[in-house]
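Remember, this note's numbering sits 172 above the position in the sequence shown when you count from 1.
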Amino acid sequence: MTKRALCPRNAQPENASGKPRLLWPEALRIVAAFLVIVNHTNSRVFQGSEPGQLTWHLSILWYYLSKLAVPLFVMISGALLLPRRDGPKKTFLRVGRVLLALLCASYVYFLYDAWVNWGLWPRALRLDILLLQILRMGVTDGFWYLYFYLAVLITLPLWQRLRSRLGRKQRLWLTFGCFALGAGLPLAGHYVPFLAVPEGVMACIPLSYVGLLFAGDLVRETEPCRRPLLPLLGLVGCLLAAWLLTWLEYHRVAPGTKYWFMDHRMIPALPVIGEAVCLMLLARCLGHRAAGEPEKQTPARRLILSLGGCAFGIYLLQDLLIAESEHRLFVPLCRVLPPMAAVLVWEAAVFLVALLVVWLLRRIPPLRRIL
Numbered sequence: 173m174t175k176r177a178l179c180p181r182n183a184q185p186e187n188a189s190g191k192p193r194l195l196w197p198e199a200l201r202i203v204a205a206f207l208v209i210v211n212h213t214n215s216r217v218f219q220g221s222e223p224g225q226l227t228w229h230l231s232i233l234w235y236y237l238s239k240l241a242v243p244l245f246v247m248i249s250g251a252l253l254l255p256r257r258d259g260p261k262k263t264f265l266r267v268g269r270v271l272l273a274l275l276c277a278s279y280v281y282f283l284y285d286a287w288v289n290w291g292l293w294p295r296a297l298r299l300d301i302l303l304l305q306i307l308r309m310g311v312t313d314g315f316w317y318l319y320f321y322l323a324v325l326i327t328l329p330l331w332q333r334l335r336s337r338l339g340r341k342q343r344l345w346l347t348f349g350c351f352a353l354g355a356g357l358p359l360a361g362h363y364v365p366f367l368a369v370p371e372g373v374m375a376c377i378p379l380s381y382v383g384l385l386f387a388g389d390l391v392r393e394t395e396p397c398r399r400p401l402l403p404l405l406g407l408v409g410c411l412l413a414a415w416l417l418t419w420l421e422y423h424r425v426a427p428g429t430k431y432w433f434m435d436h437r438m439i440p441a442l443p444v445i446g447e448a449v450c451l452m453l454l455a456r457c458l459g460h461r462a463a464g465e466p467e468k469q470t471p472a473r474r475l476i477l478s479l480g481g482c483a484f485g486i487y488l489l490q491d492l493l494i495a496e497s498e499h500r501l502f503v504p505l506c507r508v509l510p511p512m513a514a515v516l517v518w519e520a521a522v523f524l525v526a527l528l529v530v531w532l533l534r535r536i537p538p539l540r541r542i543l
C-alpha cells in the first residue's frame with residue numbers, strides 16, 4: 173500500500189511540520205503571485221498618461237496595490253516559519269531548494285536570452301557566462317527576490333530564536349519600531365531633508381522586512397477580526413494615501429522627473445506596508461469565517477491549496493511570459509482596447525498561462541519538489 177493510500181480521501185493536506193495547511197496563507201500566495209505580474213506590467217500605463225486622464229489615476233491605484241506583493245510574501249513567511257525552531261538540517265534543505273530553483277530557472281532564462289539574441293548553439297553551453305550572470309544578479313530583474321529570500325532563510329534561525337525570547341508586546345514594539353525607522357523615516361526624509369538617511373544605508377539594513385516577518389507572525393496569532401470591513405477600510409485608506417502622495421509628487425517635481433518615488437524594492441513604502449498588513453488581517457478574518465471543519469477537504473479547499481502550491485512557480489515564470497507576450501498580445505490589445513483594459517487582459521493572460529504551465533510541471537515529481 174502506498175503512502176498516498178494511507179491518507180483518507182477527505183484528509184486535510186499537511187505541511188512539513190505535520191500540521192494541516194492553513195488556507196488563508198495559500199490564498200494570499202495566489203494573490204501575491206498575480207500582483208507580482210501586475211507590478212511588472214502596469215507601469216507602462218501610468219507612465220504613458222497624466223493626471224488629467226482617468227487612466228492615470230486607475231493605473232496608479234492598481235500599481236500601488238501591486239506593490240504589496242513582496243511585503244505579503246515576507247509576511248506569509250513570517251506567519252508560517254517564525255513560530256518554528258528549525259535546526260541546521262532543515263535550514264540547509266530550505267536554502268538548497270531555493271538555490272536549486274534559482275539555478276534551474278536562471279538556466280531557462282539564459283537559454284531564452286540565447287535563443288532571442290545570440291543563437292541557441294553554442295551559447296547554451298557557456299555555463300561560465302551563466303554563473304557570472306547569477307553572481308551579478310543579472311539573469312532577469314525579477315529574480316532579485318530569490319537572492320533576498322535566500323538571505324531570509326539563512327538568517328531565519330536567528331529570527332526564530334529572537335521570536336521565542338520575546339513576549340507578544342515586545343514583538344509588537346519591535347515591529348512598530350522597524351516600520352517607523354525602515355519605512356516612516358525615509359518617507360519623512362523625502363519631505364524634510366535633514367531627516368533623510370542615505371538610501372544605500374537603508375537598503376543595507378532592511379528594517380522594514382524584519383518588521384514584516386514579525387508582523388506576519390503577529391497577525392497569525394491575533395484573534396481574527398469579526399468585522400472584515402475594518403481591515404478592508406484600512407486597505408483602501410492606505411491605497412488612497414499612496415495615490416495622494418504620488419499625485420502631489422507629480423505636481424511638486426519638474427516635468428519628466430520620476431514622481432512614483434515610493435517604489436524602492438528594499439525600502440517598501442509605509443502606505444504599502446499598511447496595505448499588506450490590512451490585506452493579511454482581512455484574509456485572516458475571512459479565512460476564519462470560511463474555515464468550517466479543518467479535517468475535511470472540500471473541492472474549494474483542494475483548489476486553493478493546489479493554486480497556492482503553484483505561486484512560487486508562477487513567480488519564476490512570469491518575467492519570461494511578460495517578455496514573450498508584450499508585443500504579441502499587449503501591443504495589439506492597445507489598438508482595440510483602452511490602455512487600462514488592455515493591461516488587465518494581458519496580466520490575466522500571463523497569470524493563467526503561467527498557472528497552467530506550472531500546474532503541468534508540478535505533475536512531474538522532481539519538478540514538484542522544486543516548484
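By construction, the Cβ of each residue, glycine as well, lies at the ideal position given by its N, Cα and C atoms.
Cβ neighbour criterion (16 or more within 10 Å) applied to residue i
{"i": "Pro337", "result": "Checking the sequence shown, residue 337 turns out to be Arg, not Pro. So Arg337 ends up on the exposed side."}
{"i": "Arg507", "result": "exposed"}
{"i": "Ile536", "result": "exposed"}
{"i": "Tyr363", "result": "exposed"}
{"i": "Pro358", "result": "buried"}
{"i": "Phe366", "result": "exposed"}
{"i": "His499", "result": "exposed"}
{"i": "Phe351", "result": "buried"}
{"i": "Trp234", "result": "buried"}
{"i": "Arg473", "result": "buried"}
{"i": "Thr470", "result": "exposed"}
{"i": "Val522", "result": "buried"}
{"i": "Phe264", "result": "exposed"}
{"i": "Leu299", "result": "exposed"}
{"i": "Arg540", "result": "exposed"}
{"i": "Ala526", "result": "buried"}
{"i": "Ala513", "result": "exposed"}
{"i": "Glu467", "result": "Confidence in Glu467 is poor, its pLDDT being 49 and thus under 50, which makes the residue's placement too unreliable to answer from."}
Minimum C-alpha distance to residue i - residue among the options
{"i": "Gly224", "options": "Ala251, Gln490, Tyr422", "result": "Tyr422"}
{"i": "Lys341", "options": "Glu393, Trp419, Ala251", "result": "Glu393"}
{"i": "Arg256", "options": "Arg298, Gly310, Arg333", "result": "Arg333"}
{"i": "Thr429", "options": "Trp345, Gln219, Leu195, Phe351", "result": "Gln219"}
{"i": "Gly310", "options": "Gly409, Tyr279, Trp234", "result": "Tyr279"}
{"i": "Arg266", "options": "Ala296, Leu237, Leu328, Tyr281", "result": "Leu328"}
{"i": "Asp285", "options": "Leu532, Leu493, Pro260, Val522", "result": "Leu493"}
{"i": "Gly544", "options": "Gly388, Val425, Ala441", "result": "Past the edges of the chain, shown from 173 to 543, lies residue 544, and the structure says nothing about it."}
{"i": "Glu496", "options": "Ser249, Ala426, Ser215, Val288", "result": "Val288"}
{"i": "Asn211", "options": "Glu519, Arg540, Leu539", "result": "Glu519"}
{"i": "Thr312", "options": "Gly349, Leu488, Met452", "result": "Leu488"}
{"i": "Gly388", "options": "Val449, Leu524, Leu505", "result": "Val449"}
{"i": "Pro427", "options": "Ser221, Ile377, Leu401, Val503", "result": "Ser221"}
{"i": "His229", "options": "Leu543, Trp432, Phe502", "result": "Trp432"}
{"i": "Leu524", "options": "Arg193, Ala205, Leu275, Gly268", "result": "Ala205"}
{"i": "Met452", "options": "Leu402, Leu501, Trp293, Leu416", "result": "Leu402"}
{"i": "Gly349", "options": "Val382, Leu330, Gly339", "result": "Val382"}
{"i": "Arg582", "options": "Leu416, Ser215, Leu404, Leu475", "result": "The displayed coordinates of the chain run from 173 to 543. Any statement about residue 582 would go beyond what the structure contains."}
Distance CB(residue i)-CB(residue j) smaller than 8 Å
{"i": "Ile209", "j": "Thr418", "result": "no"}
{"i": "Leu454", "j": "Leu407", "result": "yes"}
{"i": "Val444", "j": "Ala483", "result": "no"}
{"i": "Pro197", "j": "Leu240", "result": "no"}
{"i": "Cys410", "j": "Glu371", "result": "no"}
{"i": "Thr347", "j": "Leu390", "result": "yes"}
{"i": "Leu439", "j": "Ala375", "result": "According to the sequence displayed, residue 439 carries Ile and not Leu. Yes. Within cutoff."}
{"i": "Val203", "j": "Val515", "result": "no"}
{"i": "Leu195", "j": "Phe386", "result": "no"}
{"i": "Asp435", "j": "Gly314", "result": "no"}
{"i": "Arg437", "j": "Trp316", "result": "yes"}
{"i": "Ile486", "j": "Val530", "result": "yes"}
{"i": "Ala273", "j": "Leu283", "result": "no"}
{"i": "His460", "j": "Pro396", "result": "yes"}
{"i": "Pro510", "j": "Thr213", "result": "no"}
{"i": "Ile542", "j": "Arg201", "result": "no"}
{"i": "Leu237", "j": "Leu275", "result": "no"}
{"i": "Gly361", "j": "Val373", "result": "no"}
Cutoff 8 Å: residue i Cβ touching any chain B Cβ
{"i": "Val369", "result": "The structure shown contains no chain B; it is built from a single protein chain."}
For the 8 Å Cβ check, are there 3 or more pairs between the region 317-334 and the region 242-252?
yes
Mind pulling the alpha helix (DSSP H) runs of 4 or more residues that sit fully within the region 320-385?
Whole alpha helix (DSSP H) segments, 4+ residues: 340-351, 357-363, 371-376.
Are three or more beta carbon pairs between the region 477-497 and the region 292-306 nearer than 8 Å?
Flag = no, the region 477-497 and the region 292-306 do not touch.
With a floor of 4 residues, list each alpha helix (DSSP H) that falls wholly inside the region 381-428, ordered by position along the chain.
Counting whole runs of 4 or more residues, the region 381-428 contains the alpha helix (DSSP H) stretches 401-424.
Just to confirm the assignment: which complete alpha helix (DSSP H) runs, minimum length 4, are found wholly within the region 479-508?
503-508
Along the chain, which unbroken stretches of the alpha helix (DSSP H) at least 4 residues long are found entirely within the region 256-288?
Here the runs fully enclosed are 260-285.
Within the region 190-246, note down every full alpha helix (DSSP H) run reaching 4 residues or more, in order along the chain.
195-211, 215-218, 226-238
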